Amino acid sequence: MGAIQAIRGTRDILPDEVGYWQRVEAIAREVMQRAAYREIRTPIFEQTDLFERGIGEATDVVSKEMYSFKDRGDRPLTLRPENTAGAVRAFIEHSLHAQGGTQRLWYLGPMFRYERPQAGRQRQFHQLGVEVLGSADPRADAEVIAVATDFLRAIGLQNLSLEFNSIGDGSDRQTYREALVNYLTPFREELDEDSQMRLTRNPLRILDTKDATTQKILENAPSILDHLSPESKARFDQVQQMLTDLGIAFNINARLVRGLDYYTHTVFEIQSADLGAQATVCAGGRYDGLAAELGGPDTPAVGWASGLERLILLLQQIQPLPIAPLDFYGVSRGDRAQAFALVVAQRMRQLGFSADLDLSGSAFGKQFKRADRSGAIACLIIGDAEAESSTVQLKWLKSGEQEEIALANLEGMAPELRQKIAKGREEA
RNA sequence: GCGAGCGUAGCCAAGGGGUUAAGGCAGCGGAUUGUGGUUCCGCCAUUCGGGAGUUCGAAUCUCCUCGUUCGCCCCA
């Protein structure tokens, strides 16, 4: 291949598509602001150590998916594969806990994982996420889920389902892990290859296998929910009650486990029925141990992250993007006229209108064709005669009506023009 | 990392060993040298992702390679 191409798993978002992103981003800002979450922006790369400790060295994300490198000072760095670790690092580093109370944070930005690209998965992808730090209150768990559903609803997505579970605290999981291994060990030979490996390494992960035989065996397996301590069970019930009070439907899914080490208690996933194999559109949970693990104060926390590429895939299915509105399209011919047209177009912009200017210098006929295609409401027509008299012919493209305006009167006429533009847009 | 499908112009495409590589959209020029949305005419791939091979002859067959798509693993 001759020309240089975008790196595998990365994508250019071209002008025709960027409107979808702007929409999702605007909705995110609005929903977050209403829920009193504050934006945080952290660096795109961090010390490799942060992710190894935060996410867990044995996880797939850390062991085989990180973009890690050394800088010129020989520091081991990694492009962030997710942003919870970075947000918590910033929280600790700047002593945000000292601001008192609960910190509600949100972020939006690119993440990087070295994976094989497929539908709804890229190596550089974008996540919107929230983190509520400093509250162990089950209301925080419920609120975070409610904010997620509000966000997804505001985008207009349908056919979503919320899967919900508790994986308890560390000791709950320890007892459950033993129970699960005891149950599965007699079936060892019948399990699929991956699950056999996990039996010793990470038995909980067997629960979300896609292998039919293993799934069958799991039907009678013990449930994590029967191994929760009374306290864990009470919290799980409370969050459920709150979701019900909020009118949020959910399925309890005792098989739901998460791939990152830091989760405790509440875990959840929101999936779409309208995507391919990568159907999870938002996922998160509680992670009470992470801040302490990273060397900060013991800070209970809960949060989620949502993959924007997947949301945009869905958005494109349900809504066409409105074309960017344009007020004026400037056409001109002749040296003096072209120079004057630039001045007029710029003046229009300063008055708050949007104006495109044809730079081709081709025949008026051609320029008018382009004016049509641009979607402009009106044309600014400038030839030598107009340049001479410092006027502009203003032609309303829908009706074909044309009027002459002196440059000097443009500002005074601006309110009237604004009205005509608005009316022209309604008719279009 | 593993499996399968697909790469012909900016986009959508026909062609599946015989030599001039259909067609459509978009673009550009003209009919129409200061006035558009219609129409008409013309132009727009020395070459079929790249490389090697088979053959008198390759876009068409073989191998390698790169890219891409979908799936697995895993995840948002």
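Residues 25 to 452 in my numbering are what the first sequence spells out, letter by letter.
We treat Cβ as the ideally placed atom computed from N, Cα and C, and that holds for glycine.
Fair warning: this is a prediction, and the values are worked out from it, not measured in the lab.
Rounded C-alpha distance that separates R77 from I347: Residue numbering aside, residue 77 sits at position 53 when the first sequence is read from its first letter. Residue numbering aside, residue 347 sits at position 323 when the first sequence is read from its first letter. Taking the CA atoms as reference points, R77 sits about 47 Å from I347.
Residue burial classification, L120 (beta-carbon count within 10 angstroms, cutoff 16): To locate residue 120, count along the first sequence from 1; it is residue 96. Only buried fits L120, as 16 or more other CB atoms lie within 10 angstroms of its CB.
Check each candidate in L223, D218, L231 and name the one with the smallest Cα separation from P210. In the first sequence, the residue the question calls residue 210 occupies position 186. Out of L223, D218, L231, L223 has the C-alpha closest to the C-alpha of P210.
Using a 10 Å radius around the Cβ and a threshold of 16 neighbouring Cβ atoms, would you call V42 buried or exposed? For the purposes of this step, residue 42 is taken as the residue at position 18 of the first sequence. Result: exposed.
Applying the criterion that 16 or more other CB atoms from any shown protein chain within 10 Å of the CB defines a buried residue, is L38 buried or exposed? For this step, residue 38 is matched to residue 14 along the first sequence. Exposed, by the Cβ-count rule.
Check I37 in the structure and name its three-state DSSP category. Along the first sequence, read from residue 1 onward, the residue named residue 37 stands at position 13. I37: coil per DSSP, three-state reduction.
Could you tell me which residues DSSP puts in a beta bridge with F352? On the first sequence, residue 352 is found 328 positions in, with the first residue counted as 1. A379, A402.
Could you tell me how far apart the beta carbons of L132 and L152 are, in whole angstroms, since I believe they sit closer than 8 Å? Residue 132 sits at position 108 when you count from the first residue of the first sequence. Residue 152 sits at position 128 when you count from the first residue of the first sequence. That pair is a contact at about 5 Å.
Tell me the residue span of the beta strand (DSSP E) that contains Y131. Counted from its first residue, the first sequence places residue 131 at position 107. DSSP places Y131 inside the beta strand (DSSP E), whose first and last residues are 127–136.
What distance in whole Å lies between the Cβ atoms of D380 and A400, which are believed to be in contact at a cut-off of 8 Å? In the first sequence, counting from the first residue as 1, residue 400 sits at position 376. In the first sequence, counting from the first residue as 1, residue 380 sits at position 356. So it is a contact: roughly 7 Å between Cβ atoms.
In angstroms with no decimal places, state the Cα-to-Cα distance between E139 and V85. Taking the first sequence and counting its residues from 1, one reaches residue 139 at position 115. Taking the first sequence and counting its residues from 1, one reaches residue 85 at position 61. A straight-line Cα-Cα distance of about 9 Å links E139 and V85.
Please classify I64: does DSSP put it in a helix, a strand, or coil? Start at 1 with the first residue of the first sequence, and residue 64 comes out as number 40. DSSP places I64 in coil when its eight states are reduced to three.
Would you call the region 120–130 in contact with the region 156–173, where contact means no fewer than 3 C-beta pairs closer than 8 Å? yes
From which residue to which residue does the beta strand (DSSP E) around K94 run? Position 70 of the first sequence, counting from 1, holds the residue named residue 94. Its beta strand (DSSP E) spans residues 91–94.
Do I79 and Y286 have their C-beta atoms within less than 8 Å of each other? Position 55 of the first sequence, counting from 1, holds the residue named residue 79. Position 262 of the first sequence, counting from 1, holds the residue named residue 286. Going by C-beta atoms, I79 is nearer than 8 Å to Y286.
On the criterion of 16 or more Cβ atoms from any shown chain inside 10 Å, does M90 qualify as buried, or is it exposed? Looking up residue 90 in the first sequence gives position 66. Counting Cβ neighbours within 10 Å, M90 comes out buried, since at least 16 surround it.
Residues that K419 bridges to, as DSSP identifies them: Translated into positions along the first sequence, residue 419 becomes position 395. Per DSSP, C403, Q426.
Rounded to whole angstroms, what's the CA-CA distance from G33 to Q146? Just pull it up for me. By 1-based counting over the first sequence, the position of residue 33 is 9. By 1-based counting over the first sequence, the position of residue 146 is 122. Those two C-alpha atoms are separated by around 5 Å.
If you follow the beta strand (DSSP E) that S185 is in, where does it begin and where does it stop? In the first sequence, the residue the question calls residue 185 occupies position 161. It spans 184–190 - the beta strand (DSSP E) in which S185 sits, taken as one unbroken run.
Between the CA atoms of R47 and A369 - distance to the nearest angstrom: Mapped onto the first sequence, residue 369 falls at position 345. Mapped onto the first sequence, residue 47 falls at position 23. Going from the Cα of A369 to the Cα of R47 covers about 28 Å.
To the nearest angstrom, how far is it from the Cα of L431 to the Cα of R442? As a first step, residue 431 must be located in the first sequence, where it is residue number 407. As a first step, residue 442 must be located in the first sequence, where it is residue number 418. If you take the alpha carbons of L431 and R442, they lie about 16 Å apart.
So, using beta-carbon positions, are R212 and V281 closer together than 8 Å? Here residue 212 refers to the residue found at position 188 of the first sequence. Here residue 281 refers to the residue found at position 257 of the first sequence. No.
Between which two residues does the beta strand (DSSP E) holding R360 run? Residue mapping note: residue 360 aligns to position 336 of the first sequence, counting from 1. First-last for R360: 359–374, but that is the alpha helix (DSSP H), not the beta strand (DSSP E).
Buried or exposed by the 16-neighbour rule on C-beta atoms within 10 Å, applied to P321: In the first sequence, counting from the first residue as 1, residue 321 sits at position 297. With fewer than 16 other Cβ atoms within 10 Å, it is exposed.
Can you tell which of L270, A82, A111, R104 has the C-alpha that lies nearest to the C-alpha of H150? Against the first sequence, residue 150 aligns to sequence position 126. When each option's Cα is compared against that of H150, the closest is R104.
Going by CA-CA distance only, name the one from S413, E155, E54, S356 that's closest to D387. Indexing the first sequence from 1 puts residue 387 at position 363. Reading off the sequence shown, one finds Ala at residue 387, where the question assumed Asp. Checked all of S413, E155, E54, S356; the closest Cα to A387 is S356.
If contacts are defined as beta-carbon pairs under 8 Å, then G308 and A329 qualify, I think. What distance do you get, rounded to the angstrom? Here the question's residue 308 lines up with position 284 in the first sequence. Here the question's residue 329 lines up with position 305 in the first sequence. With a Cβ gap of about 6 Å, G308 and A329 count as contacting.
Whole-angstrom C-beta distance between L186 and I342, which should lie under 8 Å: Taking the first sequence and counting its residues from 1, the one referred to as residue 342 is at position 318. Taking the first sequence and counting its residues from 1, the one referred to as residue 186 is at position 162. In fact, because the Cβ distance is near 19 Å, the residues do not count as touching under 8 Å.
So what does G3 bridge to, in DSSP terms? Nothing about residue 3 can be read from this structure; the chain reaches only from 25 to 452.
Under 8 Å: do the region 94–110 and the region 61–78 share three or more Cβ pairs, one atom per stretch? yes
M25, DSSP secondary structure in three states: By one-based count along the first sequence, residue 25 stands at place 1. Bear in mind that the predicted position of M25 carries a pLDDT of just 44, short of 50, making it too unreliable to give a figure here.
Under the three-state DSSP convention, the category E139 falls into: What you label residue 139 is simply residue 115 of the first sequence in a count that begins at 1. It is coil, neither helix nor strand.
Apply the 10 Å Cβ neighbour rule to R62 and answer buried if 16 or more other Cβ atoms are within range, or exposed otherwise. One-based indexing of the first sequence puts residue 62 at position 38. Burial call: exposed.
Going along the chain, which residues of its own chain have a beta-carbon closer than 7 Å to the beta-carbon of E332, five neighbours each way excluded? To locate residue 332, count along the first sequence from 1; it is residue 308. Rather than Glu, the amino acid found at residue 332 in this sequence is Leu. Once the five neighbours on either side are set aside, the close Cβ partners of L332 are V48, H150, Q151, L152.
Quick check: what's the CA-CA separation for L345 versus W45? Within the first sequence, residue 345 is the residue found at index 321, counting from 1. Within the first sequence, residue 45 is the residue found at index 21, counting from 1. Distance between the alpha carbons of L345 and W45 is about 11 Å.
Kindly indicate the opening and closing residues of the beta strand (DSSP E) around Q295. Within the first sequence, numbered from 1, the residue matching residue 295 stands at position 271. Run containing Q295: 288–296, per the beta strand (DSSP E) assignment.
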